[in-house]
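To start, the structure itself, in structure tokens.
There are 2 protein chains.
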Amino acid sequence: MSAQIETREKSLQRHSPNQNHLLAALPAEDFARLLPLLELVAMPLGEMLYEPGQQMRHAYFPTTAIASLHYVTESGASAETAGVGNEGVVGVALFMGGDTTSSSAVVQTAGHAYRLEGRLLKQEFNRGGFMQGLLLRYTQALMTQMSQSAACNRHHSVEQRLCRWLLLTLDRSQSNELVMTQELVASMLGVRREGITEAAGNLQRSGFISSRRGHIAVLSRVGLEAATCECYDVVKKEIRRLLADVQHRQDGITASHR
Amino acid sequence: MSAQIETREKSLQRHSPNQNHLLAALPAEDFARLLPLLELVAMPLGEMLYEPGQQMRHAYFPTTAIASLHYVTESGASAETAGVGNEGVVGVALFMGGDTTSSSAVVQTAGHAYRLEGRLLKQEFNRGGFMQGLLLRYTQALMTQMSQSAACNRHHSVEQRLCRWLLLTLDRSQSNELVMTQELVASMLGVRREGITEAAGNLQRSGFISSRRGHIAVLSRVGLEAATCECYDVVKKEIRRLLADVQHRQDGITASHR
DNA sequence: AGCACACTGTTCGTCACCGCACGTAGACCG
DNA sequence: CGGTCTACGTGCGGTGACGAACAGTGTGCT
Numbered sequence: 156m157s158a159q160i161e162t163r164e165k166s167l168q169r170h171s172p173n174q175n176h177l178l179a180a181l182p183a184e185d186f187a188r189l190l191p192l193l194e195l196v197a198m199p200l201g202e203m204l205y206e207p208g209q210q211m212r213h214a215y216f217p218t219t220a221i222a223s224l225h226y227v228t229e230s231g232a233s234a235e236t237a238g239v240g241n242e243g244v245v246g247v248a249l250f251m252g253g254d255t256t257s258s259s260a261v262v263q264t265a266g267h268a269y270r271l272e273g274r275l276l277k278q279e280f281n282r283g284g285f286m287q288g289l290l291l292r293y294t295q296a297l298m299t300q301m302s303q304s305a306a307c308n309r310h311h312s313v314e315q316r317l318c319r320w321l322l323l324t325l326d327r328s329q330s331n332e333l334v335m336t337q338e339l340v341a342s343m344l345g346v347r348r349e350g351i352t353e354a355a356g357n358l359q360r361s362g363f364i365s366s367r368r369g370h371i372a373v374l375s376r377v378g379l380e381a382a383t384c385e386c387y388d389v390v391k392k393e394i395r396r397l398l399a400d401v402q403h404r405q406d407g408i409t410a411s412h413r
Numbered sequence: 156m157s158a159q160i161e162t163r164e165k166s167l168q169r170h171s172p173n174q175n176h177l178l179a180a181l182p183a184e185d186f187a188r189l190l191p192l193l194e195l196v197a198m199p200l201g202e203m204l205y206e207p208g209q210q211m212r213h214a215y216f217p218t219t220a221i222a223s224l225h226y227v228t229e230s231g232a233s234a235e236t237a238g239v240g241n242e243g244v245v246g247v248a249l250f251m252g253g254d255t256t257s258s259s260a261v262v263q264t265a266g267h268a269y270r271l272e273g274r275l276l277k278q279e280f281n282r283g284g285f286m287q288g289l290l291l292r293y294t295q296a297l298m299t300q301m302s303q304s305a306a307c308n309r310h311h312s313v314e315q316r317l318c319r320w321l322l323l324t325l326d327r328s329q330s331n332e333l334v335m336t337q338e339l340v341a342s343m344l345g346v347r348r349e350g351i352t353e354a355a356g357n358l359q360r361s362g363f364i365s366s367r368r369g370h371i372a373v374l375s376r377v378g379l380e381a382a383t384c385e386c387y388d389v390v391k392k393e394i395r396r397l398l399a400d401v402q403h404r405q406d407g408i409t410a411s412h413r
């Protein structure tokens, strides 16, 4: 096997729609139909996928990227309502029938995603097969995140919410080091940057994280889990419950990438 | 026409599935199929329709009642994530595939609703007709409420949130007098009872509402709209947009009730 | 009528978080 | 290598909401 082919194989392996849990869970037949319609795209940090109220063109199935659904108030304050990683898809409004949302979607962690034209996603959804059920269950998981955010924003401290957010982001990440500024985290949680500085300082002093300029490394998952509020667990368990049957397909397509 | 028959006609008119916007919007054929499966139930104030995590038996289409979806934290604090009146249905998880939710549903304003067995709702949903699209669009409206609640809880004052809540409740009510204690309102907004007393006092001094023991009467809708945050408008417009095609059916069934 | 209870109004100390302002230190670039 | 920009750390006054405690008052029950 030549080095070139190996590189090509590696590249194929590095980026595969199967890295997205929803796509990976599709029956081989459905997956094969969708595959030629999927387009790999790079998602740079900060890119805005949807502006509130604007027509949505594509749905995005993240593989390594993480997106954040959040709402920006008239006065410019913002708050994340849910996050989307490789466990889900950005753009549920496309098949829910609304076509637009009042919230915006931005890339919170740079990476890749497979995008699918809205019309095609809707078409696939309307076939009513496995994919429909899958997307609906995922949408319900999204609703859990949203309502949990509402309660969490109301009752839990900045430090607790930071822990929750770090854990959820970590679950969607490959490494345990997150590349992001405190400013960005602050805008996600809808608090002042200084609030994050302080909370992160506490967590660092406790030895749970290590914070450098533009980087946050998680040292003790257990520590964060002890310091967070119940919301993390609720969201995580609900995702797991609703998407319990989501397992990687073991078919020829996957095999050829191994 | 005897008095008795008139009474009976009145009773029929008083309670009709058509009072629920979703049911009223169904094509005559779909409506006729559903009608014998619907069961009118009284919903007393405070009744808990769903407990978190429990199997849901029925979906509820409110006519005069209003329900509140809210989350209760481990420490007992609570927060409403969305409200449901005659514009919607309680129990979307039934057709979304989850069967349970982590939030609970309680009756916030006493009244009536038509309930439908979960299995039957799911069946109807899976026919994939008009009802499916309608329910999906309603679900998206629900998501808007949830994410708006998250942002609103984070950034707006108690008084603003009280105004938003009063207006949304008023839109779902028949009269402009709401029958509920400040204690109850407080638990909906997830704040202390004293906070509501104070905010309500301000609004009363402004002449926007009139507050008696267990009753809140809205005197100036315009005043409340000026005092509330943007969130009210966003939610209302989104409901209107998504359910724009929801109009009362003008068919024989409706006519026979006139 | 009278009692009991639940709802409302008010007060006071406390605290988490805000907004602002300023100092410092990595990182990138010419 | 020195300059500049962006990110991080800190301090300070202000404040909205909290928690607890208590005093009136409408409502329903006996």
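Chains V and H are the protein sequences, given in the same order. Residue numbers 156 to 413, in the numbering used here, belong to the letters of the first sequence in order. Residue numbers 156 to 413, in the numbering used here, belong to the letters of the second sequence in order. For each residue, glycine too, the CB sits at the ideal point set by N, CA and C.
Exercise for the section: Can you say whether Gly266 (chain V) is buried or exposed, counting buried as having 16 or more other CB atoms within 10 angstroms of its CB? Expected result: Position 111 of the first sequence, counted from the first residue, corresponds to residue 266 (chain V). With 16 or more other Cβ atoms within 10 Å, it is buried.
Problem - Where Leu204 (chain H) sits in the DSSP three-state scheme - result: Residue mapping note: residue 204 (chain H) aligns to position 49 of the second sequence, counting from 1. Strand, per DSSP.
Handout entry: At least 3 beta-carbon pairs within less than 8 Å: the stretch 361-370 of chain V vs the stretch 253-268 of chain V
Key = Taking a cut-off of 8 Å for Cβ pairs, the stretch 361-370 of chain V and the stretch 253-268 of chain V do not touch, as fewer than three such pairs fall below it.
Handout entry: Option in V:Arg292, V:Arg319, V:Met298 and V:Leu325 with minimal Cα separation from Cys307 (chain V)
Key = In the first sequence, the residue the question calls residue 307 (chain V) occupies position 152. Of the candidates V:Arg292, V:Arg319, V:Met298 and V:Leu325, V:Arg319 places its Cα closest to the Cα of Cys307 (chain V).
Practice task
Report buried or exposed for Val390 (chain V), applying the criterion of at least 16 other Cβ atoms within 10 angstroms of its Cβ.
Solution key: Taking the first residue of the first sequence as 1, we reach residue 390 (chain V) at position 235. Val390 (chain V) is buried by the Cβ-count criterion.
Practice task
With distances taken Cα to Cα, identify the nearest neighbour of Tyr226 (chain V) among H:Arg316, H:Met298 and H:Ser230.
Solution key: The sequence position of residue 226 (chain V) within the first sequence is 71, counting from 1. Comparing Cα-Cα distances from Tyr226 (chain V) to each of H:Arg316, H:Met298 and H:Ser230, the minimum goes to H:Met298.
Practice task
Write down every uninterrupted run of the alpha helix (DSSP H) in the stretch 266-300 of chain H whose length is 4 residues or greater and which is fully enclosed by it, in chain order.
Solution key: Qualifying alpha helix (DSSP H) stretches, in chain order: 273-281.
Problem - Residue interval of the beta strand (DSSP E) (run including Gln263 (chain V)) - result: Position 108 of the first sequence, counted from the start, is the residue given in the question as residue 263 (chain V). Taken as a continuous stretch (DSSP letters only), the beta strand (DSSP E) holding Gln263 (chain V) covers Ser259 to Thr264.
Handout entry: Close Cβ partners of Gln210 (chain V) (< 8 Å) along its chain, the five nearest in sequence each way excluded
Key = Here residue 210 (chain V) corresponds to residue number 55 of the first sequence, with the count starting at 1. Counting only residues of its own chain and dropping the five nearest sequence neighbours on each side, Gln210 (chain V) has a CB closer than 8 Å to the CB of Asp254 and Thr255.
Problem - Environment of Asn331 (chain V) [buried if 16+ CB atoms lie within 10 Å] - result: Your numbering for residue 331 (chain V) matches position 176 in the first sequence. It counts as exposed.
Practice task
Could you please tell me which residues of the stretch 233-256 of chain H, in chain order, have their CB closer than 9 Å to any CB of chain V?
Solution key: Answer set for the stretch 233-256 of chain H: Ser233, Ala234, Glu235, Thr236, Ala237, Val247, Ala248, Phe250, Met251, Gly252, Gly253, Thr255 and Thr256.
Problem - is_contact[Tyr387 (chain H), chain V] using C-beta, thresh 8 Å - result: As a working mapping, residue 387 (chain H) is identified with position 232 in the second sequence. It does not; no Cβ of chain V falls within 8 Å.
Handout entry: Where Thr336 (chain V) sits in the DSSP three-state scheme
Key = For the purposes of this step, residue 336 (chain V) is taken as residue 181 along the first sequence, with counting starting at 1. In this structure, Thr336 (chain V) counts as coil in the three-state DSSP scheme.
Handout entry: Secondary structure of Leu398 (chain V), DSSP reduced to three states
Key = Walking along the first sequence from the start, residue 398 (chain V) turns up at place 243. Coil at Leu398 (chain V), not helix or strand.
Handout entry: Cβ pair count under 8 Å reaching 3, the stretch 188-198 of chain V against the stretch 268-288 of chain V
Key = The stretch 188-198 of chain V and the stretch 268-288 of chain V touch, with no fewer than 3 CB-CB distances between them shorter than 8 Å.
Practice task
Identify, in the order they occur along the chain, each residue of the same chain with its Cβ nearer than 6 Å to the Cβ of Gln315 (chain H), setting aside the five sequence neighbours on each side.
Solution key: The sequence position of residue 315 (chain H) within the second sequence is 160, counting from 1. If the five residues before and after Gln315 (chain H) are omitted, its C-beta is found closer than 6 Å to the C-beta atoms of Thr383 and Cys384, all from its own chain and listed in chain order.
Problem - Same chain, Cβ closer than 7 Å to Glu393 (chain V), neighbours up to 5 away in sequence not counted - result: As a working mapping, residue 393 (chain V) is identified with position 238 in the first sequence. Excluding positions up to five away in sequence, the list reads Ala296 and Thr299.
Exercise for the section: List the endpoints of the continuous beta strand (DSSP E) containing His213 (chain H). Expected result: Residue mapping note: residue 213 (chain H) aligns to position 58 of the second sequence, counting from 1. Note, His213 (chain H): beta strand (DSSP E), His213 to Pro217.
Practice task
List the residues of chain H that Thr383 (chain V) touches, going by C-beta distances under 9 Å, in chain order.
Solution key: The count along the first sequence starts at 1 and reaches residue 383 (chain V) at position 228. Annotation: Thr383 (chain V) has no Cβ neighbours in chain H at a cutoff of 9 Å; minimum Cβ distance is about 12 Å.
Practice task
List the DSSP bridge partners of Met198 (chain H).
Solution key: Translated into positions along the second sequence, residue 198 (chain H) becomes position 43. DSSP output for Met198 (chain H) lists H:Gly266 as bridge partner(s).
Handout entry: Nearest-angstrom Cβ-Cβ length linking Thr236 (chain H) and Leu249 (chain H), presumed shorter than 8 Å
Key = In the second sequence, counting from the first residue as 1, residue 236 (chain H) sits at position 81. In the second sequence, counting from the first residue as 1, residue 249 (chain H) sits at position 94. Contact annotation, Thr236 (chain H) with Leu249 (chain H): C-beta distance approximately 18 Å; criterion of less than 8 Å not satisfied.
Problem - 6 Å CB neighbourhood of Ala305 (chain H) in its chain, flanking five on each side removed - result: As a first step, residue 305 (chain H) must be located in the second sequence, where it is residue number 150. Correct list: empty, nothing qualifies.
Exercise for the section: Pick helix, strand or coil for Ala232 (chain V), following the three-state DSSP scheme. Expected result: Taking the first sequence and counting its residues from 1, one reaches residue 232 (chain V) at position 77. Here Ala232 (chain V) carries a coil assignment [DSSP, helix/strand/coil].
Handout entry: Residues that Arg319 (chain V) contacts on chain H, provided the C-beta gap is smaller than 9 Å
Key = Counting from one through the first sequence, the residue named residue 319 (chain V) turns up at place 164. Near Arg319 (chain V) there are no residues of chain H at all, since even the closest Cβ is about 13 Å away, more than 9 Å.
Problem - Per-residue contacts from Met343 (chain H) into chain V (C-beta, under 8 Å) - result: In the second sequence, counting from the first residue as 1, residue 343 (chain H) sits at position 188. Within chain V, no residue comes near Met343 (chain H); the closest Cβ sits about 11 Å away, beyond 8 Å.
Practice task
Taking all protein chains shown into account, decide if Gly350 (chain H) is buried (16 or more other Cβ within 10 angstroms of its Cβ) or exposed.
Solution key: In the second sequence, the residue the question calls residue 350 (chain H) occupies position 195. Buried.
Practice task
Out of V:Glu194, V:Ala234 and V:Leu397, point me to the one whose CA is closest to Arg292 (chain V)'s CA.
Solution key: Residue 292 (chain V) sits at position 137 when you count from the first residue of the first sequence. Looking at the Cα atoms, V:Leu397 is the closest of the given residues.
Exercise for the section: Mark Arg327 (chain H) as exposed unless 16 or more other C-beta atoms lie within 10 angstroms of its C-beta, in which case mark it buried. Expected result: Within the second sequence, numbered from 1, the residue matching residue 327 (chain H) stands at position 172. Around the beta-carbon of Arg327 (chain H), 16 or more other beta-carbon atoms lie within 10 Å, marking it buried.
Handout entry: Coil, strand or helix - Ala306 (chain V) by DSSP
Key = As a working mapping, residue 306 (chain V) is identified with position 151 in the first sequence. Note: Ala306 (chain V) maps to helix in three-state DSSP.
Exercise for the section: For chain H, find out if any of its Cβ atoms is closer than 8 Å to the Cβ of Ser361 (chain V); answer yes or no. Expected result: Along the first sequence, one-based indexing puts residue 361 (chain V) at 206. Closer than 8 Å: no.
Problem - Contact list for Leu193 (chain V) against chain H, beta-carbon separation under 9 Å - result: As a working note, residue 193 (chain V) is residue 38 in the first sequence. Under the 9 Å cutoff, chain H gives no residues; its nearest Cβ is about 23 Å from Leu193 (chain V).
Practice task
State the Cα-Cα distance for the pair Ser171 (chain V) and Val245 (chain H), rounded to the nearest angstrom.
Solution key: Mapped onto the first sequence, residue 171 (chain V) falls at position 16. Mapped onto the second sequence, residue 245 (chain H) falls at position 90. Cα to Cα, the separation comes out at about 39 Å.
Problem - Contact set for Glu161 (chain V): own chain, Cβ-Cβ below 6 Å, skip 5 residues either direction - result: Along the first sequence, read from residue 1 onward, the residue named residue 161 (chain V) stands at position 6. The predicted model places Glu161 (chain V) with a pLDDT of 43, which falls under 50 and marks its position as unreliable, so this point remains unresolved.
Problem - Rounded separation between Val401 (chain H) and Thr294 (chain H) - CA only - result: In the second sequence, counting from the first residue as 1, residue 401 (chain H) sits at position 246. In the second sequence, counting from the first residue as 1, residue 294 (chain H) sits at position 139. The C-alpha of Val401 (chain H) lies about 14 Å from the C-alpha of Thr294 (chain H).
Practice task
Report yes if the C-beta distance between Gln337 (chain V) and Ala355 (chain V) is below 8 Å; otherwise report no.
Solution key: In the first sequence, counting from the first residue as 1, residue 337 (chain V) sits at position 182. In the first sequence, counting from the first residue as 1, residue 355 (chain V) sits at position 200. Yes, they are a contact pair.
Practice task
If I'm right that Ala220 (chain H) touches Ala180 (chain H) with Cβ under 8 Å, what's the distance once you round it to whole angstroms?
Solution key: Within the second sequence, the letter at position 65 stands for residue 220 (chain H). Within the second sequence, the letter at position 25 stands for residue 180 (chain H). The beta-carbon distance between Ala220 (chain H) and Ala180 (chain H), rounded to whole angstroms, is 19 Å. This is too long to meet the 8 Å contact definition.
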